[in-house]
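Residue numbers (this note's numbering), protein chains in the order written: chain A, 28 to 190; chain B, 206 to 321.
Backbone N, C-alpha and C define an ideal beta-carbon position, used for all residues, glycine too.
A short write-up of the structure that comes next.
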């Protein structure tokens, strides 16, 4: 029985580590219940006492973890940005085209003037350099936006939990 | 409204079917689904709680505060029950599957064949 308890303890540690693969929100909400369920299933498998049953249990579990992690991660990525409040969604929606327009009209040319100084550039070179800077700033903005979007709910949850 | 949720996945259908009999926690659901399906549908913790998460979000099930027997039970377990919408979705899916079976049985091939 002591050996069985030890096996459950070690199995729990492994499963607990696997739970960290799930998205943060999902983990906070369901990890304790999943761990409890795992404990029950693990106990059932060990009670049967056959190695084949335990191996089959772990194979099924590994497949379950892999499939559900991919599914939950995909779901998290596809979740609409403004799911919590419609206003957040509208602001995000307006923010993107206005940033792109501001980038093309102002940021690209300003940066070109700053970099090239007062040197007079032919019009075609000026537009090419300006376009290059616009694309570079746009790419950086997209990356930053994705990072902020992904971090926003996590930060909010941390604030809520620590309050 | 209920038809917007159709068709249900086998896992979700089995979970709703299990909760139609009364509230249950994850382990009870898992066992009942395996028993009801004759062992053909075996839900792992990830699949089960993924489905529960979606069902909670769609308000087809809700968490129950009551404990069927508080003395006999682990307080860490969470119980879930079917909502009114969940019941309607289950009924609509059952109807859809029933119509499908009826349509299949009306074909010559299915009438002649018998399961092995």
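If you draw a straight line from the alpha carbon of residue 184 of chain A to that of residue 143 of chain A, how long is it in whole angstroms? 46 Å
With a Cβ-Cβ cutoff of 8 Å, do residue 218 of chain B and residue 298 of chain B count as a contact? yes
Hey, quick one: how far does the beta strand (DSSP E) through residue 242 of chain B stretch, first residue to last? No beta strand (DSSP E) contains residue 242 of chain B, which DSSP labels as neither H nor E.
Residues near residue 92 of chain A by beta carbon distance below 6 Å, same chain, minus five either side: 45
Can you give me the C-alpha to C-alpha distance between residue 223 of chain B and residue 49 of chain A, rounded to a whole angstrom? 26 Å
Could you tell me the distance, in whole angstroms, from the CA atom of residue 84 of chain A to the CA atom of residue 241 of chain B? 20 Å
By the DSSP assignment, the alpha helix (DSSP H) with residue 220 of chain B in it spans what residues? Segment 215-225, the alpha helix (DSSP H) holding residue 220 of chain B.
Neighbourhood of residue 211 of chain B by C-beta, 7 Å cutoff - its chain only, sequence neighbours within 5 removed: 297, 298 and 301
Roughly how many angstroms separate the alpha carbons of residue 76 of chain A and residue 69 of chain A, rounded to a whole number? 11 Å
Would you mind stating whether residue 253 of chain B and residue 227 of chain B have Cβ atoms separated by less than 8 Å? It is not a contact, given that the beta carbons lie outside the stated cut-off.
When DSSP labels each residue in this structure, what does residue 98 of chain A get in the three-state scheme? Of the three classes helix, strand and coil, the one that applies to residue 98 of chain A here is helix, per DSSP.
Return the CA-CA distance between residue 311 of chain B and residue 318 of chain B, expressed in angstroms with no decimal places. Roughly 12 Å between the two C-alpha positions.
Can you confirm whether residue 64 of chain A, when its beta carbon is compared against all beta carbons of chain B, has any partner nearer than 8 Å? yes
What residues in the segment 72-93 of chain A have a beta carbon less than 8 Å from any beta carbon of chain B? The residues in question are 87, 88, 90, 91 and 92.
Less than 8 Å between CB atoms is the rule here; does residue 67 of chain A satisfy it with respect to chain B? yes
Taking 8 Å as the threshold (C-beta atoms), are residue 283 of chain B and residue 208 of chain A in contact? Missing from the structure shown is residue 208 of chain A; chain A here goes from 28 to 190 and no further.
Distance CB(residue 239 of chain B)-CB(residue 247 of chain B) smaller than 8 Å: yes
Could you name the residues of chain B that residue 53 of chain A contacts, counting a contact when the two beta carbons are closer than 9 Å? 254, 255 and 258
Could you tell me which of A/58, A/139 and A/157 sits nearest to residue 251 of chain B, measuring between CA atoms? A/58
Taking residue 178 of chain A and residue 161 of chain A to be in contact with their CB atoms under 8 Å, please state how far apart those CB atoms are, rounded to whole angstroms. Contact doesn't hold; Cβ gap of about 26 Å is too wide.
Grab the span of the beta strand (DSSP E) containing residue 301 of chain B for me, first residue to last. DSSP places residue 301 of chain B outside any beta strand (DSSP E); the residue lies instead in the alpha helix (DSSP H), whose first and last residues are 289-310.
Taking the C-alpha atoms as reference points, what is the distance between residue 3 of chain A and residue 263 of chain B? Examination of residue 3 of chain A is not possible in this model, given that chain A is present from 28 through 190 alone.
Would you say residue 61 of chain A reaches chain B, if we count a Cβ-Cβ gap shorter than 8 Å as a contact? Residue 61 of chain A counts as touching chain B.
Which stretch, first to last residue, makes up the alpha helix (DSSP H) that contains residue 262 of chain B? Here the alpha helix (DSSP H) through residue 262 of chain B covers 250-262.
To the nearest angstrom, how far is the alpha carbon of residue 287 of chain B from that of residue 39 of chain A? 30 Å
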